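What follows is a single structure, written as structure tokens, with notes after it.
In my numbering, the protein residues as written are 36 to 179.
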């Protein structure tokens, strides 16, 4: 029996708070309260050494079911395809035209938040339709 109780998904990025807030909007996640002893995240950030300020940010599923998302600042930009990506399941259980309409509506919402539509992948013998997308720093994800 595995001893893992929870897991989080970690993103390397240039602007952790900006990317975290984007994913909060995409997934309905929330920013957790600041650490004990701090009234706001800004207060916490100002308390840290300058080189550590804005070095990470996180968001959580308000229901407690989904994984915590952690965003850490790295100096380099994204240069190759992700080895892991998220599938945002907006069309789960839907097929055909109903699925495509749902995906297109959600895609429009995400593009308005700053995401980039890459490609519509139409259903085939093995998979339902999905839309390949990128977040605001170019990380790939599928709208599924």
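For glycine and all other residues, C-beta sits at the position ideal for the given N, C-alpha and C.
Bear in mind the structure is a predicted one, so any value in this text is a computation, not a measurement.
As assigned by DSSP and simplified to three states, the class of residue 54: Here residue 54 refers to the residue found at position 19 when the chain shown is read from its first residue. The three-state secondary structure of residue 54, taken from DSSP, is helix.
In angstroms with no decimal places, state the Cα-to-Cα distance between residue 181 and residue 104. Limits of the chain in this structure are 36 at one end and 179 at the other, which puts residue 181 out of reach.
Should residue 131 be labelled buried (16 or more other beta-carbon atoms within 10 Å of its own) or exposed? Position 96 of the chain shown holds residue 131. So residue 131 counts as exposed.
Cβ neighbour criterion (16 or more within 10 Å) applied to residue 162: The residue labelled residue 162 in the question sits at position 127 within the chain shown. By the neighbour-count rule (16 or more Cβ atoms within 10 Å), residue 162 is not buried but exposed.
Between residue 42 and the rest of its own chain, which residues show a CB-CB distance below 7 Å, the 5 nearest in sequence each way excluded? Counting from 1 along the chain shown, the entry for residue 42 is found at position 7. Cβ within range, chain order: 102.
Considering residue 150, what are the terminal residues of the alpha helix (DSSP H) in which it resides? Counted from its first residue, the chain shown places residue 150 at position 115. First-last for residue 150: undefined, no H or E at that position.
Can you tell which of 93, 118 and 51 has the C-alpha that lies nearest to the C-alpha of residue 67? On the chain shown, residue 67 is found 32 positions in, with the first residue counted as 1. Of 93, 118 and 51, the residue nearest in Cα terms is 93.
Paired residues, beta bridge with residue 121 - DSSP: Reading the chain shown from its first residue, position 86 is the one you call residue 121. For residue 121, which the question treats as bridged, DSSP gives the partners 176.
Just the Cα atoms here: how many angstroms apart are residue 64 and residue 97? Locating residue 64 in the chain shown gives position 29, where the first residue counts as 1. Locating residue 97 in the chain shown gives position 62, where the first residue counts as 1. As the crow flies, the alpha-carbon of residue 64 is around 6 Å from that of residue 97.
Pop quiz: residue 157 and residue 123 are said to be a contact at Cβ under 8 Å. What is the actual Cβ separation, rounded to whole angstroms? Position 122 of the chain shown, counting from 1, holds the residue named residue 157. Position 88 of the chain shown, counting from 1, holds the residue named residue 123. With 8 Å as the limit, residue 157 and residue 123 do not qualify as a contact, their Cβ atoms being about 18 Å apart.
Identify, in the order they occur along the chain, each residue of the same chain with its Cβ nearer than 7 Å to the Cβ of residue 167, setting aside the five sequence neighbours on each side. Position 132 of the chain shown holds residue 167. Answer for residue 167: 153, 154, 156, 175 and 177, listed in chain order.
What does DSSP give as the partner residue(s) for residue 59 in the beta ladder? Taking the chain shown and counting its residues from 1, the one referred to as residue 59 is at position 24. Looking at the DSSP assignment, residue 59 forms no beta bridge with any residue, so it has no partner.
Buried or exposed: where does residue 126 fall if 16 or more other Cβ atoms within 10 Å of its Cβ makes it buried? Residue 126 sits at position 91 when you count from the first residue of the chain shown. Classification for residue 126: buried.
Beta-carbon contacts of residue 44 that lie in its chain and below 6 Å, excluding the five residues immediately before and after: Indexing the chain shown from 1 puts residue 44 at position 9. Closer than 6 Å at the Cβ level, and outside the excluded window around residue 44, lie 102 and 104.
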